[in-house]
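Chemist:
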Amino acid sequence: MTTRPHSAGRYAPSPSGRLHIGNLRTALIAYGLAVRSGRRFVIRVEDIDRVKEGAAADQLADLAALGITWQHPELYQSTRAEAHEQALAELTQRSLTYECYCSRKDILAAPTAPHTPPGSYPGTCRDLSETERERARERLAAAGRSPSIRLRADTRSFTVTEQIVGVSPTAPEDATTSYTGVVDDFVMRRGDGVLAYNLVAVLDDAYQGVDQVCRGDDLLASSPRQAYLAAILGVTEPVYAHVPLVVNEEGARLAKRDGAVTLPELTAAGWEVADVIEWCATSLSLPPVRTAEDFVAECSLTALRAAGGPHVFIAPAP
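Taking the working numbering, the leading residue of the sequence shown gets 1477, the next gets one more, and so forth.
1. Quick one: measure Cβ to Cβ for Gly-1485 and Ala-1506, integer angstroms, because I've assumed they're closer than 8 Å.
2. Can you give me the Cβ contacts of Arg-1515 inside the same chain, cut-off strictly under 7 Å, excluding the 5 residues immediately before and after it?
3. Pairs of beta-carbons, one from the segment 1671-1687 and one from the segment 1640-1657, closer than 8 Å: are there three or more?
4. Quick one: what's got a C-beta closer than 6 Å to Ala-1768's C-beta in the same chain, skipping five residues either side?
5. Measuring alpha carbon to alpha carbon, tell me which residue in Arg-1570, Tyr-1487, Ala-1503 and Ser-1490 is nearest Ala-1757.
6. Quick check on Leu-1705: does DSSP put it in helix, strand or coil?
7. Any chance the segment 1565-1572 sits against the segment 1648-1663, with 3 or more Cβ pairs inside 8 Å?
8. Look up Arg-1613 in the DSSP assignment and say whether it is helix, strand or coil.
9. Counting C-beta neighbours from all protein chains within 10 Å, is the total for Gly-1642 16 or more, i.e. buried, or is it exposed?
10. Considering Phe-1771, what are the terminal residues of the alpha helix (DSSP H) in which it resides?
11. Figure out for me which residue from Cys-1690, Gly-1498 and Tyr-1577 has the closest Cα to the Cα of Asp-1538.
12. Would you decide whether Gln-1639 is buried or exposed? Buried here means 16 or more other CB atoms lie within 10 Å of its CB.
13. Check each candidate in Pro-1700, Cys-1690 and Ala-1651 and name the one with the smallest Cα separation from Asn-1674.
14. Please work out which residues of its chain come closer than 8 Å, Cβ to Cβ, to Ala-1531, disregarding the five sequence neighbours upstream and downstream, and give them in chain order.
15. Please determine, among Ser-1624, Ser-1776, Arg-1729 and Cys-1775, the residue with the shortest C-alpha to C-alpha distance to Ile-1790.
16. By Cβ distance, which residues of its chain are closer than 7 Å to Cys-1455, with the 5 residues on each side in sequence left out?
17. What do you get for Ser-1759, buried or exposed, if any count of 16 or more other CB atoms within 10 angstroms of its CB means buried?
18. With a cut-off of 8 Å, do at least 3 Cβ pairs link the segment 1707-1717 to the segment 1548-1555?
19. Where do the ends of the alpha helix (DSSP H) carrying Arg-1512 lie?
20. Within the continuous beta strand (DSSP E) that includes Ile-1625, where are the two ends?
21. On the DSSP letters alone, give me the boundaries of the alpha helix (DSSP H) that Ser-1759 sits inside.
22. CA-CA distance, Gly-1667 and Arg-1615?
23. If you draw a straight line from the alpha carbon of Glu-1608 to that of His-1787, how long is it in whole angstroms?
24. Can Val-1772 and Val-1511 be called in contact, C-beta distance under 8 Å?
25. Please name the residue, chosen from Gln-1702, Pro-1593 and His-1496, that lies closest to Gln-1535 on a Cα-to-Cα basis.
26. Could you tell me which uninterrupted beta strand (DSSP E) segments, each at least 3 residues in length, are contained entirely in the segment 1667-1721, listed from first to last along the chain?
27. Give the single residue among Gly-1669, Leu-1780, Glu-1741 and Gly-1620 whose Cα lies nearest to the Cα of Leu-1509.
28. Mind checking whether Pro-1623 and Arg-1613 have CB atoms under 8 Å apart?
Now the structure itself:
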C-alpha cells in the first residue's frame, strides 16, 4: 500500500443533529478509502452554521463506536474564522468578489443561459455601476437586509477528477474520470453574514491536507465550483469520490419520521453496532463484514463502483 503522509481523506459533519445510518455509511466509506490509499483520516466539525448543542460530541461518539479512528484533534471549523475572513479579503483585493442584492426569489425568476441548472446565478449584480449599487444597498437596508458577496468567476464550467461516478466497475482500482459542471458567480458570504460553505470547506480541506473528498453523490454538481475556487486560491484541487445515498421507501432522504435511523435508536431497537456495519457493507454489495477494520479491507473503489444507485433503508420495527 502506498503511504501518503501529507495527504488526507476526511469526514466533515455539521453538528445539527444525530448522524443517521446514511451518514454513518458515508463516514465508513470515507474512512475506508483514506486508509486503503495510505492517507491520514481527519474529522472536521463544520460548526459555523446550524449548530445544535451537544450534537458534535454525539456525532464523534457514534463514529468512535463504529471503530472509526482519526488524527486528533478533530478540527472545529469555527476556530478558523480569522483565516476564512483573510482569504475572502484577499479575493476582494484581487477584484474577484462583488456585492449581490438579489433574493432567492429574484434569482429563480431571472432568465438564465441555456443548459444551466435551476438556481444558477445569472450575474444580475456583476456589472452594476456604483450608483446602481448604492441604490440597491439603500433598498436592502430599508428592508433590514444586507448584500451577499459573490465570487467573480472567469469561467462558466470547470472539470474535476472523479473516482466513482462514471467509472466502469471493470476499470483498474486507480482509474478516474472527468466530470465537468457549471460554475457561476457563487456566494462567498451570505446576506446574514455567515461565510458560505463553498469557501470555508475549500480553505479547511487545504489546511488539513485533504486531497480526497468522499461524500454523497447529491453533491457532485457542486464539486466544480469548489475545485475552481481551490485553483483560484492556489491550493490543492482534491480528487472526488461520490457515493450513492441511503434513502427511505419513497426515495427521499432519511429523516426522523422514518423511524429508527440513528445509532442510539437502532441499538434501542435491538441492533448491535456490528449489525449497523454489516448493513452498511451489504447495502454496497460488499461481504457481510461486522467490524470497521474488515469494512476497510473490503471497501475498494472497484467494489464501490459496482454498488449501484441509492439504497433503501427500512427501519426496524420498534
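We put the beta carbon where it would ideally sit given N, CA and C, even for glycine.
Modeler: Looking at the atomic coordinates:
1. Confirmed, Cβ separation roughly 5 Å.
2. Leaving aside the five residues that flank Arg-1515 on each side, the residues in its chain whose CB is nearer than 7 Å to its CB run, in chain order, Arg-1480, Ser-1483, Ala-1484, Gly-1485 and Gln-1688.
3. Under the Cβ criterion (8 Å, minimum of three pairs), the segment 1671-1687 does not count as touching the segment 1640-1657.
4. Apart from the 5 residues on each side of it in sequence, Ala-1768 sits with its Cβ closer than 6 Å to the Cβ of Leu-1542, Gly-1543 and Ile-1544 in its chain, given in chain order.
5. Nearest option by C-alpha distance: Ala-1503.
6. Helix at Leu-1705.
7. Counting Cβ pairs under 8 Å, fewer than three are found: no touch.
8. In the structure shown, Arg-1613 sits in a helix (DSSP, three-state: H, G or I).
9. With fewer than 16 neighbouring CB atoms inside 10 Å of its own CB, Gly-1642 falls in the exposed class.
10. In the DSSP assignment, Phe-1771 falls within the unbroken alpha helix (DSSP H) covering 1768-1774.
11. For Asp-1538, the closest C-alpha among the options Cys-1690, Gly-1498 and Tyr-1577 is that of Gly-1498.
12. Within 10 angstroms of the beta-carbon of Gln-1639 lie 16 or more other beta-carbons, which makes it buried.
13. Closest option to Asn-1674, Cα to Cα, is Pro-1700.
14. Result list for Ala-1531: Pro-1491, Ser-1492, Gly-1493 and Arg-1494, in chain order.
15. It is Arg-1729 whose Cα lies nearest to the Cα of Ile-1790.
16. Limits of the chain in this structure are 1477 at one end and 1794 at the other, which puts residue 1455 out of reach.
17. Looking at its Cβ environment, which holds 16 or more other Cβ atoms inside 10 Å, Ser-1759 is buried.
18. Contact between the segment 1707-1717 and the segment 1548-1555 is not established, with fewer than three Cβ pairs separated by less than 8 Å.
19. Looking at the DSSP string, the run of the alpha helix (DSSP H) that includes Arg-1512 is 1497-1512.
20. Taken as a continuous stretch (DSSP letters only), the beta strand (DSSP E) holding Ile-1625 covers 1624-1627.
21. First-last of the alpha helix (DSSP H) with Ser-1759: 1749-1759.
22. Their Cα atoms are separated by approximately 14 Å.
23. Using only the alpha carbons, I get a separation of about 50 Å.
24. In terms of Cβ geometry, Val-1772 and Val-1511 form a close pair [threshold 8 Å].
25. Nearest C-alpha to Gln-1535: His-1496.
26. Considered as a whole, the segment 1667-1721 harbours 1686-1692 and 1715-1719 as its complete beta strand (DSSP E) runs of no fewer than 3 residues, in chain order.
27. The option with the nearest alpha carbon to Leu-1509 is Leu-1780.
28. The answer is yes: Cβ separation under 8 Å.
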